[in-house]
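If you read the sequence shown in UniProt numbering, its first letter stands for residue 1, the second for the next number, and so on.
Cβ coordinates follow ideal geometry from the N, Cα and C atoms, glycine included.
What follows is a short report on a single structure.
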Amino acid sequence: MVNKLVIVAAVAVVVIAIGLGVGLGVDWGGSDSDQETSNITPAIIGDSVFIRITNNDMTDEDGGNVRSKFSYTISEPGASFIAIHFASFDFNRECTMELTDENDYLVASYTDQGRLNRGNFWAHHVEGDTLNMLVYCVRAAGDNKRNFVIDEMVKGFSDNENLETLTEPDQRTDPQRRLRAEELFPFDLDRHRGLALCGGDDSNNAVCFKDSHPDEYNKAKAICRLKIAGKGTCTGWLVGPNNLVLTNRHCIESQADVDNTDFQFMAEGANCGDSKTKTAGYDVYEGAELVAESFQKDYALIRLVGDPAAKYGFMEIDDRVATVGETIFIPGHPVGRAKQFALEDTWPTSGASNGRCAVLDVGSDNCGYSFAYQSIQYTCDTLGGSSGSPVIAVDTMKVIGLHHCGHLNCDLGNLAVPFEGPGIYNDIKEFIDAPAPQTSSPTTSPPTAAPKTPAPTTPRPTEGPPSTNPPTQNPTVEGTLRCFAPKIQIQIQLDDFAAETRWELWQTDPPRIISQGGNYENNALIEEEHCLADDGVHYLKFFDEFGDGFCCGKGFGYYKVWYNNQLLYHNNGETGTETEVEISPQMVCLEVFFHLTLETDRFGVETTWELRDDSDSIVGSGGPYPGAFRLVEESVCATSFGTYTFTMFDSFGDGMCCDAGQAGGFKLYRDNEIKIESTGEFNYFVRYDVPSIGNAEIIAGS
1 MVNKLVIVAA VAVVVIAIGL GVGLGVDWGG SDSDQETSNI TPAIIGDSVF
51 IRITNNDMTD EDGGNVRSKF SYTISEPGAS FIAIHFASFD FNRECTMELT
101 DENDYLVASY TDQGRLNRGN FWAHHVEGDT LNMLVYCVRA AGDNKRNFVI
151 DEMVKGFSDN ENLETLTEPD QRTDPQRRLR AEELFPFDLD RHRGLALCGG
201 DDSNNAVCFK DSHPDEYNKA KAICRLKIAG KGTCTGWLVG PNNLVLTNRH
251 CIESQADVDN TDFQFMAEGA NCGDSKTKTA GYDVYEGAEL VAESFQKDYA
301 LIRLVGDPAA KYGFMEIDDR VATVGETIFI PGHPVGRAKQ FALEDTWPTS
351 GASNGRCAVL DVGSDNCGYS FAYQSIQYTC DTLGGSSGSP VIAVDTMKVI
401 GLHHCGHLNC DLGNLAVPFE GPGIYNDIKE FIDAPAPQTS SPTTSPPTAA
451 PKTPAPTTPR PTEGPPSTNP PTQNPTVEGT LRCFAPKIQI QIQLDDFAAE
501 TRWELWQTDP PRIISQGGNY ENNALIEEEH CLADDGVHYL KFFDEFGDGF
551 CCGKGFGYYK VWYNNQLLYH NNGETGTETE VEISPQMVCL EVFFHLTLET
601 DRFGVETTWE LRDDSDSIVG SGGPYPGAFR LVEESVCATS FGTYTFTMFD
651 SFGDGMCCDA GQAGGFKLYR DNEIKIESTG EFNYFVRYDV PSIGNAEIIA
701 GS
């Protein structure tokens, strides 16, 4: 007969393990080799549910004549977050899906093939218990392709939710199979678990230490919370200036993991007394590549997209043996909570004499991994999700270990992989110490094999062999050319398909190319200044292989041209296959000069404007401006010195602010004097009288 006490004990072990969030046997990808694949995983912080939502399930919200709008809302009361998995995503450029939270805060925006253009992906996590999906399409585009299939959803656990009901997160093969004990306790089942609270939880919200421990708080800005494949969580941190994040390999072990992870910086509580689950917002970065990883040393090094190190700083490694008794602290995101500091330690055998976390021992225990290194041991409180946290020496504010597991016996301490000796540093120093990778901003020198331009016709330059040599330039003064002849300045902002676009600047006498460019990286910003040989006519030409210019479906480009410091053009990159603009001294305004700057809301395609003189003739107009939150500049040269009428329109009737986005507004200058400064709060239109002397006045609106 089986001993009932044994059964009860075994069940209790399994239930406790589930409650603690230890490795849950999820197939997170990685190597197929048995020795290189761990069944220890990130802490699981949500329940996975299979669903099926497609574009046919969305509600048609009409949206007006300019755009169509479709919506679908997922509501899971009590959920701490919602994550959705797209089995397929296929939009054309005229359609965009936005994911917003319960407060209509924009979390993510996708078009084409979605996140990283993969078609099959986990979307960015949406905090709270409500996820809104909104699809917008430009009606004039005709074929609005907006196909998608959502096949899985994760509902985030509340902080105190009992995890006993959790079934295996990877339900694709067997949705109802319960977790086995060996899946809950990887490696040596008698000794190790993925976390350890030693006594009461002494950790607290990071913001609690902002004033009392400013050095620790500022250093920990480089910490990020990893939300992995919908349901997993760990901690990572920026190491060195090259935007590299270090975490555990049992958190990130493949490029697929990198692609499906949100790297969330400054996920902190707003106030010390806030719930540990509550964050005041955060910045999300994408992972670019898995640079290095080791199963035996349990580390993964990931390069991020963008430059978070410039904003949050980074941590440095102290390549030395830890000293028993030295004071440490461990910032991280246990159980996916807001950033916590394990800074104080009340466990009786902690080894500290001042109530602070300290190194308990340096020994050979290494969480069951076969590789021999001297693990750093401590009783600072950690939980599942703390994996990947840095162990920081307070005296130097440098990292001496990478936290990766806990002990069943707190007197033996929780464990970190060291950096010194056979530890991690020698493996990764070549990446940390290497020169920072080049940014996406290209040089403006002409390409070596730029296609030749078709010969312009009179009065444009006549046919002749174009020269790619730029003209001789005068010396620069404080970064700006001092010219003894006319000066031209060009600024070009490209979109997400920059490789399609090239440009050329021509002079007419003799006909030749002054400058040209192409083969840029996506979203490149090109800025050039040239002293011209004469005051003749010049031409700026744009070519786009795809024929859609560099605005507005995928990224929002523009170009600006100044002649003798006066803005002649600020156009939105709507160049088509080929566009040519004239640049000449005759275009410089010598009479009444109007300059308009405006920032659109989320629906710039609804915004237009016009300027009329005192005879009610239209002397200038602009828009619509496809895209969201775009900064636009326009200029008008007029001849009458009387009072003008300026009108801003919104075709949808909600103005430029605020229901359709957090941004919007405009300013109008007359002869460099500001006349109108508006936040864009109107309905269908607002109209002003703009005199030569004094401020403009509203004369009509709705």
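By a C-beta neighbour count over all protein chains shown, 10 Å radius and 16 as the cutoff for buried, is residue i buried or exposed?
i: residue 698; result: exposed
i: residue 68; result: buried
i: residue 415; result: buried
i: residue 615; result: exposed
i: residue 192; result: At residue 192, the pLDDT of 35 sits below 50, so the modelled position is not reliable and the matter cannot be decided from this model.
i: residue 546; result: exposed
i: residue 340; result: buried
i: residue 46; result: buried
i: residue 590; result: exposed
i: residue 112; result: buried
i: residue 117; result: exposed
i: residue 324; result: exposed
i: residue 52; result: exposed
Output the boundary residues of the beta strand (DSSP E) element that contains residue i.
i: residue 392; result: 390-393
i: residue 83; result: 81-91
i: residue 712; result: Beyond the ends of the chain as shown, which are 1 and 702, falls residue 712; an answer cannot be given.
i: residue 136; result: 130-138
i: residue 491; result: 487-493
i: residue 664; result: No beta strand (DSSP E) holds residue 664; DSSP gives it neither H nor E.
i: residue 714; result: Missing from the structure shown is residue 714; the chain here goes from 1 to 702 and no further.
i: residue 530; result: 525-531
i: residue 607; result: 607-612
i: residue 675; result: 673-678
i: residue 622; result: 618-622
i: residue 638; result: 631-638
i: residue 46; result: 46-54
i: residue 67; result: 67-75
i: residue 244; result: 244-247
i: residue 693; result: Neither: residue 693 is in no beta strand (DSSP E) and is coded neither H nor E.
i: residue 359; result: Element bounds for residue 359: n/a, residue is neither H nor E.
Might you give, ordered along the chain, the residues of its own chain that have their beta carbon closer than 6 Å to the beta carbon of residue i, omitting 5 neighbours on each side?
i: residue 322; result: 359, 362, 376, 400
i: residue 208; result: 272
i: residue 131; result: 74, 82
i: residue 631; result: 599
i: residue 262; result: 124, 125, 227, 284
i: residue 297; result: 417, 424
List the residues that DSSP assigns as beta-bridge partners of residue i.
i: residue 688; result: 646, 698
i: residue 315; result: 239
i: residue 571; result: 559
i: residue 332; result: 340
i: residue 378; result: 414
i: residue 538; result: 507, 583
i: residue 299; result: 294
Cutting at 8 Å between CB atoms, please list the residues of its own chain near residue i, excluding the five before and the five after it.
i: residue 58; result: 70, 71, 72, 133, 135
i: residue 478; result: Confidence in residue 478 is poor, its pLDDT being 29 and thus under 50, which makes the residue's placement too unreliable to answer from.
i: residue 398; result: 315, 316, 317, 318, 392
i: residue 258; result: 252, 287, 288, 289, 290, 302
i: residue 618; result: 610, 611, 612
i: residue 293; result: 249, 252, 253, 299, 300, 301
i: residue 221; result: 265, 266, 312, 313
i: residue 685; result: 647, 648, 649, 650, 700, 701, 702
i: residue 395; result: 326, 327
i: residue 370; result: Summary for residue 370: the model assigns pLDDT 49, below 50, so the residue's position carries little reliability, and this model does not support an answer.
Return the chain-ordered list of same chain residues with a C-beta closer than 7 Å to the C-beta of residue i, the five sequence neighbours on each side being excluded.
i: residue 677; result: 667
i: residue 126; result: 81, 82, 99, 101, 107
i: residue 173; result: At residue 173 the pLDDT is 32, less than 50, meaning the model places this residue with poor confidence; the figure from the coordinates comes in the next sentence. Hits under 7 Å: none found.
i: residue 245; result: 224, 236, 237, 238, 263, 302, 304
i: residue 274; result: 205
Rounded C-beta distance between residue i and residue j? I'm assuming under 8 Å.
i: residue 640; j: residue 592; result: 7 Å
i: residue 381; j: residue 203; result: 5 Å
i: residue 513; j: residue 525; result: So it is not a contact: roughly 21 Å between Cβ atoms.
i: residue 647; j: residue 689; result: With 8 Å as the limit, residue 647 and residue 689 do not qualify as a contact, their Cβ atoms being about 11 Å apart.
i: residue 388; j: residue 43; result: Incorrect: roughly 11 Å between the Cβ atoms, too far for contact.
Is there at least one non-hydrogen atom of the ligand GDP closer than 7 Å to the beta-carbon of residue i?
i: residue 695; result: The ligand GDP is absent from the structure shown, which contains no ligand whatsoever.
I need the boundaries of the alpha helix (DSSP H) containing residue i, first residue and last residue.
i: residue 217; result: 214-219
i: residue 207; result: Neither: residue 207 is in no alpha helix (DSSP H) and is coded neither H nor E.
i: residue 258; result: 255-259
i: residue 429; result: 425-432
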